[in-house]
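There are 2 protein chains.
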Amino acid sequence: MAKTDKVNFSTPSGFPEFLPTEKRLEVHLLDIIRKVYESYGFTPIETPVIERLEVLQAKGNQGDNIIYGISPILPPNRQAEKDKADKSSDNGSEARALKFDQTVPLAAYIARHLNDLTFPFARYQMDMVFRGERAKDGRFRQFRQCDIDVVGRRELSLLYDAQMPAIITEIFEKINIGDFRIRINNRKILTGFFQSVGVAANQIKACIAIIDNLEKIGEVKVKQELEKEGISIEGIDKTIQFINIKGSIDEMLGKLKHLSESMPEAEIFKLGVTELDTVIDGVRNLGVAENRYCIDLAIARGLDYYTGTVYETTLLGHEALGSICSGGRYEELVGVFLGEKMPGVGISIGLTRLISRLLKAGILNPLAATPAQVMVLNMQNDLMPVYLNVSQQLRKAGINVITSFDSRQLSKQFQLAEKQGIQFCVIIGSEEAVSQTAALKDLKTREQIQVSLDDLAAEIQQRLQV
Amino acid sequence: MAKTDKVNFSTPSGFPEFLPTEKRLEVHLLDIIRKVYESYGFTPIETPVIERLEVLQAKGNQGDNIIYGISPILPPNRQAEKDKADKSSDNGSEARALKFDQTVPLAAYIARHLNDLTFPFARYQMDMVFRGERAKDGRFRQFRQCDIDVVGRRELSLLYDAQMPAIITEIFEKINIGDFRIRINNRKILTGFFQSVGVAANQIKACIAIIDNLEKIGEVKVKQELEKEGISIEGIDKTIQFINIKGSIDEMLGKLKHLSESMPEAEIFKLGVTELDTVIDGVRNLGVAENRYCIDLAIARGLDYYTGTVYETTLLGHEALGSICSGGRYEELVGVFLGEKMPGVGISIGLTRLISRLLKAGILNPLAATPAQVMVLNMQNDLMPVYLNVSQQLRKAGINVITSFDSRQLSKQFQLAEKQGIQFCVIIGSEEAVSQTAALKDLKTREQIQVSLDDLAAEIQQRLQV
């Protein structure tokens, strides 16, 4: 066969792909995440990869993202249509682009299907999003985000905020990635605090963004940046003192309530403390272990659409990974196309990046290269009907099976099974075929036993469960 | 909240999206399909949505497809980078586009990871593909294909071809869409037949394409088209006679073997019959019921890369839907980037289109709008700790639960549960809280019973299984 010359068949820069061992891990994690999301009643949706550009830019929150616009490329035999296509709104001139997050599409989805949805609308979405970032370490241009959001019409109970830490905890306990801590804060507390130290209303978002960078840039830099914003030395000192308040949940709530009493004018601060108190109360009633979460006054989430509760999740001992699950409550995001108040609360797991980093750090391991648990070996071609039949019996019992159609010697077939991480080999020669038995070899333990074909499925199932 | 004016928030033409009821059906079908694929040892992969244009066009088989090229759109605050980006190979000038099928990407994937894969390489892939088709009924510009392919190096046993009908059968029996028939043929038989009636080698593919259209255009049109190709009247008559040969599997094989004996020169015909015989033998040994498949000499698959076995699947009584699962064997497709012979065999289910058409035809029904099976109602806010606790107990038992945080009257909450298709409501008032019981209402049967909280999960599980 002639080789097609000179084609660079590598993936475009920033678009890596998983090996089967890694993709199987992703599928496994998606199953876990989906199951937890569904256990709280979140329902799946999927929005198109391609949206109208005006939709994607509606919130003005393209932010720093490079969006990928699309333009049709006609096949050589249809170049004549080009002019027509360029004129047709259906084919060319209406600007469309790839979605860069799942929040704007959620807003559009709700606007598109308002009368078909029930509210509060709790949805999960695990689609790919696309950003033309400069491709550098761990930054992908296509990546999967596993998001949940609950959206209400006009109002939304704070208990939805309380469910988020319970969901995060369940997911990461099931994924078994080690000790983690969910850091909870409320942006109203930060806003109220900055009001109380005399920061002007139009500067508050900038100040919050600065302290949100505390871990990245350090305290000295935070002070400098606050100074650049024109905050007084006293204000800066108070800020540093404030965001460094530490303690158990109860201690933190006590201190915040105490502070709020000493700030008679700070309505927003008080509201923030009350909201946080309600949320923490809900988290407790949901049975989340106290070592899984804390109140951290220094976290704020960069995105300025958050208005209340915010979350970040730190993998203890691996702080450099950054937050592995973040989110918060927002008021003015989802109703953008309808002009209606639609408060929401949500979290997001950047799964592609998380897997890639957890694999690199050795916290997670790739799975076997195949889902097959058993390989039925080919000892002699004339017994193939037996091999096919035994394979089907095992599949009917829920076992994943590869039948070897390989005519090479057994040792080669064993190698192939081992290389793919298959645990069991079933060996049937003419003697076994007559006696309706099989040799079952466990490639993990190197143990080999004789089993009657009738008991084979049960025997394998039992060993798989160990 | 101010409405963002004039934004057309509808999906772009040709990019529909599912409601939750429909998306849940898709998720359910994907689970079924994946499970069957994995039971035969197929392993998941996913290739990037975006590939180099030269990769997508490598096989020259953009065909009639309009490909979506991509071009970065800088955010307003980064327009200055535009010139630079246009010059940089990393950002602009290297042509990239959205994948339009999964076969070319599979070839690229194998080339990219050759040394990390084991062969025969059996993979499944259920990604979205993109084609700039004119959006007309049932034609989408973004759709999910659920593909499997097994690819060998140099050779590949025909028993892989035999597995495909077994896989198709299992999937559609599990989806429970009614009676279907897998039509099997071998393109070598058609090629050999046309040789035998004197059709020139360079015309054979065109003739095969014509008879492949038999169902679409009818016999009269097929005759006309063959005549246009310059086939003799005698040849046309023989062709019509040939593709109309009907009978049971054994009758068909008998007739084909008989024909091949009367064609001493037709090596390719003979080879095709031998291959078909081997494949059918394998299908039988895999235990596929005989009413699920047949030999149909008129099917060929339009795509001219198929070289041997071909499959189409017809839903009986709904022939107008076209083939619901098709595929075949190819020789010169996957090795294109490596210049190596890599025979493969695969099938594809065009899931998005299939779901959309089966829903329209009433063959499949949407699922409930939420995965939640239970709603724990809110009778009085002060019992919320109890509601949260009971909800968590049920979730631990594997039940999907929505806790109602609604403070409105119970009837409204019942309505909300019903509208979303939730089967059970759990009602706990102060009396129940004291006695550690709950009222369990089955919204399907309208039955209501009192259950102790300790037995609640078991009671619901039992009723869900009925």
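Respectively, the protein sequence lines represent chains A and B.
All residue numbers for the first sequence refer to the UniProt record's numbering, where the first residue is 1 and numbers rise by one.
All residue numbers for the second sequence refer to the UniProt record's numbering, where the first residue is 1 and numbers rise by one.
Positions of the beta carbon are idealized from the N, C-alpha and C atoms, including for glycine.
In this text the structure is predicted, and so the values were computed from the model without any measurement.
query: Skipping 5 residues on each side, what residues in its chain have a beta carbon closer than 7 angstroms to that of A:L315?
result: I177, G178, F180, L321, I324
query: In its own chain, which residues sit with a C-beta less than 8 angstroms from the C-beta of A:V390, not counting the 5 before and 5 after it?
result: V376, V426, I428, A438, L453, L456
- request: Using three-state DSSP, classify A:K441 as helix, strand or coil.
  value: strand
query: Relative to chain B, which residues along the region 148-164 of chain A have a C-beta separation below 9 angstroms, given in chain order?
result: L156, S157, L158, L159, Y160, A162, Q163
- prompt: Under 7 angstroms between C-beta atoms, does A:T191 make it to chain B?
  reply: no
- prompt: Residue range of the beta strand (DSSP E) that A:N389 falls in?
  reply: Segment 384-396 is the alpha helix (DSSP H) holding A:N389; no beta strand (DSSP E) there.
- request: With 9 angstroms as the limit, tell me which residues of the region 447-461 of chain B have their beta carbon closer than that to any beta carbon of chain A; keep them in chain order.
  value: none
- prompt: Starting from A:Y68 and walking both ways along the beta strand (DSSP E), at which residues does that stretch end?
  reply: 67-73
- request: Could you check the C-alpha separation between A:I189 and A:F100 for me, to the nearest Å?
  value: 30 angstroms
Those residues which DSSP pairs with A:P44 across a bridge: A:Y124
message: Restricting to Cα atoms, I'd like to know which of A:Q241, A:R131, A:T169 is closest to A:Y293.
response: A:T169
- prompt: Which residues bound the beta strand (DSSP E) around B:Y305?
  reply: No beta strand (DSSP E) contains B:Y305, which DSSP labels as neither H nor E.
message: For A:E275, count the other beta carbons within 10 Å of its own beta carbon; 16 or more makes it buried, fewer makes it exposed. Which is it?
response: buried
message: I'd like to know if B:L367 contacts chain A, where contact means its C-beta is closer than 7 angstroms to some C-beta of that chain.
response: no
message: Quick check on the DSSP output: the alpha helix (DSSP H) that includes B:G346 runs from which residue to which?
response: Counting along the chain, B:G346 falls outside any alpha helix (DSSP H), though it belongs to the beta strand (DSSP E) covering 344-350.
C-beta atoms of A:I67 and A:A97 nearer than 7 angstroms: yes
- request: Please confirm if A:R353 has its CB atom under 7 angstroms from at least one CB of chain B.
  value: no
field: DSSP three-state assignment for A:F180, whether helix, strand or coil
entry: strand
field: Host alpha helix (DSSP H) of A:T278 (start-end)
entry: 267-285
- prompt: If you drop the 5 nearest sequence neighbours on each side, which residues of the same chain put their C-beta closer than 7 angstroms to that of A:S196?
  reply: M263, A266, F269
task: Mind listing the chain A neighbours of B:M128? Cutoff is C-beta to C-beta under 7 angstroms, in chain order.
output: V49
- prompt: So what does A:G152 bridge to, in DSSP terms?
  reply: DSSP output for A:G152 lists no bridge partner at all.
field: Beta-carbon gap between A:E133 and B:T47 smaller than 7 angstroms
entry: no
query: For B:F172, does the three-state DSSP call read helix, strand or coil?
result: helix
field: Closest Cα partner of A:K174 within the set A:L364, A:R446, A:M379, A:Q373
entry: A:L364
Cβ pair count under 8 angstroms reaching 3, the region 198-208 of chain A against the region 224-239 of chain A: yes
Endpoints, the alpha helix (DSSP H) within which B:Q413 is located: 410-419
- request: Please check if any C-beta of chain B sits within less than 7 angstroms of the C-beta of A:F172.
  value: no
message: Taking the alpha-carbon of A:I45 as reference, which of A:A289, A:I171, A:C146, A:M164 has the nearest alpha-carbon?
response: A:C146
task: Note the first and the last residue of the continuous alpha helix (DSSP H) segment covering A:G327.
output: Here A:G327 belongs to no alpha helix (DSSP H); instead the beta strand (DSSP E) covers 326-330.
field: Classification of A:V220 by the beta-carbon crowding that lies within 10 angstroms, buried from 16 upward
entry: exposed
Contacts that A:T118 makes with chain B (C-beta to C-beta distance below 7 angstroms): A369, L416, K419, Q420
Top-ranked residue by Cα proximity to B:N8, from A:L25, A:E94, A:G69, A:D31: A:E94
- prompt: Under the three-state reduction of DSSP, which class applies to B:L333: helix, strand or coil?
  reply: coil
task: Can you tell me which of A:Q461, A:T309, A:L25 puts its alpha carbon nearest to the alpha carbon of A:L351?
output: A:L25
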